[in-house]
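> Below is a structure I'd like to ask you about.
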Amino acid sequence: MTLDVTLNKVADYPFGHKREVLGLSMTTTILRSDFGMTYGVDNGLVGDEVRINIETEAMKME
12 MTLDVTLNKV ADYPFGHKRE VLGLSMTTTI LRSDFGMTYG VDNGLVGDEV RINIETEAMK
72 ME
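As structure tokens, then:
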């Protein structure tokens, strides 16, 4: 699986500790059928494609 990553911002945290933080957005798409999950896909109950969105923030530790 490959994630498309966007670096949103790197800056000092504005509230309190003033440590450097960065914000990331990550997205990818997987197919249920790639993992053997075909029960609902075969009959059209659910789509095969699943989009995954991850939003996260990381803090630089001293």
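Here the sequence shown is numbered in the working numbering, starting from 12 and rising by one per residue. Here a beta-carbon is modelled for each residue, glycine too, at the ideal position from N, C-alpha and C. Computed from a predicted model, the values in this text were never measured in an experiment.
Going by DSSP in three states, Gly51 sits in which element: helix, strand or coil?
The count along the sequence shown starts at 1 and reaches residue 51 at position 40. The answer is helix: DSSP assigns Gly51 an H, G or I state.
> State the Cα-Cα distance for the pair Thr17 and Leu35, rounded to the nearest angstrom.
Indexing the sequence shown from 1 puts residue 17 at position 6. Indexing the sequence shown from 1 puts residue 35 at position 24. In a straight line, the C-alpha of Thr17 is about 6 angstroms away from that of Leu35.
> Please report the residue range of the beta strand (DSSP E) in which Arg62 lies.
Here residue 62 corresponds to residue number 51 of the sequence shown, with the count starting at 1. Segment Glu60 to Met70, the beta strand (DSSP E) holding Arg62.
> I'd like to know whether the C-beta atoms of Asp15 and Thr49 end up nearer to each other than 9 angstroms.
The residue labelled residue 15 in the question sits at position 4 within the sequence shown. The residue labelled residue 49 in the question sits at position 38 within the sequence shown. Their beta carbons are not under 9 angstroms apart, which means Asp15 does not touch Thr49 by this criterion.
> Might you give, ordered along the chain, the residues of its own chain that have their beta carbon closer than 7 angstroms to the beta carbon of Asn19, omitting 5 neighbours on each side?
By 1-based counting over the sequence shown, the position of residue 19 is 8. For Asn19, where only same-chain residues beyond five positions count, the Cβ hits under 7 angstroms are Gly34, Leu35 and Ser36.
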